[in-house]
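So the sequence shown is numbered by my numbering: it starts at 6 and just counts up by one.
Heads up, the thing below is written out as structure tokens.
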Amino acid sequence: MHAMILAGGLSHERDVSIRSGRRVMEELRDAGVEVSMHDVDHGLIPALKEGGVDVVWPLLHGASGEDGSLQALLEVVGVPYVGTTSQAARVAWNKSVAKTLMARYGISTPDAVTMPQSLFREVGAEQMLDSIAAKLGFPLVVKPVRGGSALGLSIVQTREDLARAMVHCFAYGDMALIERFVEGREIAMSVIGSGDDARALPGVEVSAADGRYDYDARYNPGRIEYFAPARLSVEEAELVAHTALRVHQSMDLRDLSRVDIILDHDGVAQVIDINICPGMTETSLMPQAIGAAGMPLRELYYAIAASAASRGV
């Protein structure tokens, strides 16, 4: 089997993507797979059309790898690939659309409003912010509707900080999701498989001493303490696993995903993010979950790649 890893791209998460790609490439090689790694550039389509590639594993984080466009390209070229279809990826990538769909399926997610940057200019930013604050209260989470790795995310405690958070958010996209902050334990739930065969791996609890699980904390060791498996009762573990599986299956996700959940003080599992292309770096959450399940990385990665190759486009 010849697998091509796609990593890099032009998003803010390029470096993380390359680190993820290298880690997966090493594990697949150790499993006996012929592996190459390619960036998303002018040479990609010719490399795919030359033949000899049995399966592509996209590991691009950010828009180009998670908004469905790269998946659509692979479908057009006719090369099997790991991960969610282009149609399902487009839904999961847009946090506002994903929240609407989850609400339809009865999956808990924090109350939020979505606002474009253009509307702030048209009706007046201060009046908009006052109205948002009155509706949702504080604290709030402000983040881009389309984005990952906590880029552009702020936790806002007061009205005075809200404007600054909006400016920070709009630096990463023209649409902002302003969401009610939920207190509780953050549990990252990884899911592998597709449809009825999908299963949740043990949760990974994320504990930040300063309460900020931002980009730097995610990819530079030291600021975050991880517990794999998460410190949950049997009932809590079943709840977050069931919630992650419902998200994965109801949104037609495929092969692998990561669902980030806040288990709030009332025992409600609140979904705060969905990742169709989770990070695979040395500090990433999915590899930790795989380790907590007692599964060798190379064997699981081989199984994922082989399954995608045999499935076809």
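Backbone N, C-alpha and C fix where the C-beta goes; we use that ideal spot for every residue, glycine too.
Just so it is clear, the structure is predicted and the values come from calculations on it, not from any experiment.
Check the Cα spacing between R24 and each of T288, V187, E188 and R251: the tightest is with T288. Pairing R169 with H7, the inter-Cα distance amounts to about 48 angstroms. By the Cβ test, the stretch 92–104 is not in contact with the stretch 37–46, since fewer than three Cβ pairs between them sit closer than 8 angstroms.
Sixteen is the threshold: since fewer than 16 other Cβ atoms of the shown chains lie within 10 Å of the Cβ of T163, the residue is exposed. Non-local beta-carbon contacts of G26 in its own chain, meaning distances under 7 angstroms to residues more than five positions away in sequence, involve I10, A12, M42 and L64 in chain order.
The continuous alpha helix (DSSP H) containing G70 extends over residues A68 to E71.
Residue pairing by DSSP places P149 opposite A181 in a beta bridge. The C-alpha of G198 is placed about 20 angstroms away from the C-alpha of V38. With respect to G67, I281 sits apart: the two C-beta atoms are not nearer than 8 angstroms. Nearest to L145 by alpha-carbon distance, out of E243, I267 and D116, is D116.
In the same chain as D179, and ignoring 5 residues on each side of it, the C-beta atoms closer than 8 angstroms to its own belong to P121, Q122 and S123, in chain order. DSSP places M256 outside any alpha helix (DSSP H), giving it a letter other than H or E. Put simply, of G317, L258 and A294 the residue whose alpha carbon is nearest the alpha carbon of A103 is L258. A distance below 8 angstroms separates the beta carbons of K148 and G157.
If you draw a straight line from the Cα of D201 to the Cα of I183, it comes to about 34 angstroms. Of the candidates G14, I267 and D260, the residue whose Cα lies closest to the Cα of M291 is D260.
In this structure the stretch 294–310 lies against the stretch 233–249, because at least three pairs of beta carbons, one per stretch, are closer than 8 angstroms. A check of alpha carbon separations from E71 across V128, G272 and G152 identifies G152 as the nearest.
Along the stretch 96–177, the beta strand (DSSP E) occurs as fully enclosed runs of 3 or more residues at 117–121, 145–149 and 159–161, listed in sequence order.
Contact annotation, R303 with A36: C-beta distance approximately 4 angstroms; criterion of less than 8 angstroms satisfied.
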